[in-house]
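Take 2 as the starting number for the sequence shown in the numbering used here and just add one per residue.
Built from N, CA and C at the ideal position, the CB exists for glycine as well.
In this text, all values refer to a predicted model and were calculated from it rather than measured experimentally.
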Amino acid sequence: MKLKPGLWKFLPIARSDKAAEFLESVAGGVKKNLKTPAEVLALLPPKQPVIAALLSILPGVGQLYIGQKKKGATMLLLSIAVYPTAIVIIPLGILDAYILTQRLRQGRAIEPWECFWQRKFPAGSVWRVSEIVKKGRAQQAIPGVEERVIDNSRSGSTVTKTLTVSREWSCTYSVEHQREHRTTDTSTIRVREGVTRNRSVEDALRDKFAYTHGARQVYQENLEVTIPPFKKMRVILHWKNILEVGDMVLRDQHGTTVQLPFAIVIGVTFDQTQIDE
C-alpha cells in the first residue's frame, strides 16, 4: 500500500512543521529508492518482536511487517482519517505487534485479524503438567450459620457447659478455568499422561495430591462455654472450608503455557461468636 507524501502531516507524531518535513523527506527517500513500502519491510529480518514493536510507532506498520495486511492498512488509514484515534492505536499496536510476533516465533500461525488479547491454542496441541505451584492455605466461608442457645436465666450461679459441634465435609478439587484466558475455553484441554493417555485437567490435578476426592469425613470439636447468672448465651458458629491453593501450569509442545488456579477442600473450621441475652 502506498501513502501519498502529503498525508504524513495528518499523523499525530507529525503535527509540527519540522516533524512533517522530516517524514516527508523519509517518504521521498523511500519512494526514490524502492517502489513500494512492502519492499522496505521485505529487507528487514523476519519475525523479530522488537522490530515489529518499533515499526508500530507508525500505526499498522508492525502488523504489515508480520503479514496482517488488511488489519495493518485499516489501522494506518484510521489513524490518518481520524487522527485522535492514534493516541490509542499506537500503544495498543506496539503491544499487539510484539506479542503476535512472539507467537510466530513459537511456530504458530496467526489469523489475518488476530489480536494480542485473543488466545487460540494450536490445533493438535499436546498438553502436559509442567509444574504445580503451591501457595499455601486459604479459607472459604460456607453460607449460613449454626446457632446454639444455652439458657441460664433462672439460675443465680455461673454455669460452664461443654458443647460438642460437628460438621460433615468431603474433599473436592476445583480448577478455575478462563481467569487468565477469557477468550479460550480451557476446560476443553486434555492433559497427556504417558504416551497416549489423555485426562481432564481436574483428573490430572488429583494425581498430584494424596487427598481422596469425594471422601466424606466428620470434623468434631468440644467447646467450653461459661454463662453468667440470669443470662442466656447464644453461640453462633460461622463454618469455613480449609483450602489448599495454588496454580497448575500446563505446557504444550509449542512452548505455550497455561496457568490455572486450583483449590482443594482439605478440611473445615469455624469462627465462634458468643452473645449474652
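- Please report the residue range of the beta strand (DSSP E) in which K135 lies. Locating residue 135 in the sequence shown gives position 134, counting from the first residue. Annotation for K135: the continuous beta strand (DSSP E) segment containing it runs 129-142.
- Just the C-alpha distance for D277 and K162, rounded to the nearest angstrom, thanks. Within the sequence shown, the letter at position 276 stands for residue 277. Within the sequence shown, the letter at position 161 stands for residue 162. Distance from the CA atom of D277 to the CA atom of K162, rounded to whole angstroms, is 15 Å.
- Query: Is it a yes or a no for the segment 231-245 touching the segment 140-153, going by three-plus beta-carbon pairs under 8 Å?
  - Reply: Three or more beta-carbon pairs separated by less than 8 Å link the segment 231-245 to the segment 140-153, which places the two stretches in contact.
- Query: If you draw a straight line from the C-alpha of L35 to the C-alpha of L42, how long is it?
  - Reply: The residue labelled residue 35 in the question sits at position 34 within the sequence shown. The residue labelled residue 42 in the question sits at position 41 within the sequence shown. Note that L35 scores a pLDDT of 46, beneath 50, so its modelled location is shaky; the value from the coordinates is reported in the next line. Roughly 11 Å separates the two Cα atoms.
- Message: I need the boundaries of the alpha helix (DSSP H) containing G268, first residue and last residue.
- Response: For the purposes of this step, residue 268 is taken as residue 267 along the sequence shown, with counting starting at 1. It is not in any alpha helix (DSSP H) - G268 instead sits in the beta strand (DSSP E) that spans 258-277.
- Contacting residues, own chain, Cβ-Cβ under 8 Å from V127 (five flanking each side not counted): Sequence index remark: in the sequence shown, residue 127 carries index 126 (1-based). Contacts found: R193, D253, Q254.
- Can you check whether the CB of R217 is closer than 8 Å to the CB of S167? Against the sequence shown, residue 167 aligns to sequence position 166. Against the sequence shown, residue 217 aligns to sequence position 216. Cβ atoms of S167 and R217: not closer than 8 Å.
- CA-CA distance, Q273 and V146? For the purposes of this step, residue 273 is taken as the residue at position 272 of the sequence shown. For the purposes of this step, residue 146 is taken as the residue at position 145 of the sequence shown. Approximately 10 Å between the Cα atoms of the pair.
- Do L251 and V283 come within 8 Å of each other at the CB atom, strictly closer than that value? Any question about residue 283 goes unanswered here, given that the chain covers just 2 to 278.
- Message: For T159, would you say it is in contact with chain D, using Cβ-to-Cβ distances shorter than 8 Å as the test?
- Response: In the displayed structure, chain D is absent; only one protein chain is listed.
- Query: Per DSSP, what kind of secondary structure is L42 in: helix, strand or coil?
  - Reply: Position 41 of the sequence shown, counted from the first residue, corresponds to residue 42. Residue state, collapsed to three classes: helix.
- Between T227 and Q275, what straight-line distance do the alpha-carbon atoms span, to the nearest angstrom? Position 226 of the sequence shown, counting from 1, holds the residue named residue 227. Position 274 of the sequence shown, counting from 1, holds the residue named residue 275. One C-alpha to the other measures close to 10 Å.
- Query: CB W240 to CB V269, shorter than 8 Å?
  - Reply: Reading the sequence shown from its first residue, position 239 is the one you call residue 240. Reading the sequence shown from its first residue, position 268 is the one you call residue 269. Against a cut-off of 8 Å, the Cβ pair of V269 and W240 comes out as a contact.
- From the DSSP output, in three-state form, read off Y212 for me. Numbered from 1 along the sequence shown, position 211 holds the residue referred to as residue 212. Of the three classes helix, strand and coil, the one that applies to Y212 here is coil, per DSSP.
- Message: One question on the structure: do K71 and G247 come within less than 8 Å of each other, judged by their Cβ atoms?
- Response: As a working mapping, residue 71 is identified with position 70 in the sequence shown. As a working mapping, residue 247 is identified with position 246 in the sequence shown. Against a cut-off of 8 Å, the Cβ pair of G247 and K71 comes out as no contact.
- Exposed unless 16 or more other CB atoms sit within 10 angstroms - verdict on T187: For the purposes of this step, residue 187 is identified with residue 186 of the sequence shown, where counting begins at 1. By the neighbour-count criterion, in which 16 or more other beta carbons inside 10 Å mark a residue as buried, T187 falls on the buried side.
- Decide if R104 is buried, meaning its Cβ has at least 16 other Cβ atoms within 10 Å, or exposed. Start at 1 with the first residue of the sequence shown, and residue 104 comes out as number 103. By the neighbour-count rule (16 or more Cβ atoms within 10 Å), R104 is buried.
- Can you check the segment 70-111 for any alpha helix (DSSP H) of at least 4 residues that lies completely inside it and give the ranges in chain order? Whole alpha helix (DSSP H) segments, 4+ residues: 70-82, 87-106.
- Message: Restricting to Cα atoms, I'd like to know which of E112, I91, P92 is closest to L101.
- Response: On the sequence shown, position 100 is the one that residue 101 refers to. Selected option, being the one with the closest Cα: E112.
- Can you check DSSP and say which residues form a bridge with Y220? Here residue 220 corresponds to residue number 219 of the sequence shown, with the count starting at 1. Beta-bridge partners assigned by DSSP to Y220: R168.
- Query: Mind checking Q221: buried by the 16 CB within 10 Å criterion, or exposed?
  - Reply: As a position in the sequence shown, residue 221 is number 220, starting the count at 1. By the neighbour-count rule (16 or more Cβ atoms within 10 Å), Q221 is not buried but exposed.
- Query: Who pairs with L251 in a beta bridge, going by DSSP?
  - Reply: As a position in the sequence shown, residue 251 is number 250, starting the count at 1. Per DSSP, the beta bridge partners of L251 are V130, V259.
- Query: What separation, rounded to the nearest whole angstrom, lies between the Cα atoms of A53 and S175?
  - Reply: Here residue 53 is taken as the residue at index 52 of the sequence shown, counted from 1. Here residue 175 is taken as the residue at index 174 of the sequence shown, counted from 1. The alpha-carbon of A53 is positioned some 40 Å away from that of S175.
- Using CA coordinates, which residue listed in T173, I190, I243, N223 is at the minimum distance from Y212? For the purposes of this step, residue 212 is taken as residue 211 along the sequence shown, with counting starting at 1. Among T173, I190, I243, N223, the Cα nearest to that of Y212 belongs to T173.
- Item | Per DSSP, the bridge partner or partners of T163 | Position 162 of the sequence shown, counting from 1, holds the residue named residue 163. In DSSP, T163 forms a bridge with E225.
- Along the alpha helix (DSSP H) that carries E177, what are the first and last residues, could you check? Here residue 177 refers to the residue found at position 176 when the sequence shown is read from its first residue. Counted as a single uninterrupted DSSP element, the stretch harbouring E177 is not any alpha helix (DSSP H), since DSSP gives it neither H nor E.
- Query: Smallest Cα separation from Q141: which of F210, L244, T159?
  - Reply: Reading the sequence shown from its first residue, position 140 is the one you call residue 141. Comparing Cα-Cα distances from Q141 to each of F210, L244, T159, the minimum goes to L244.
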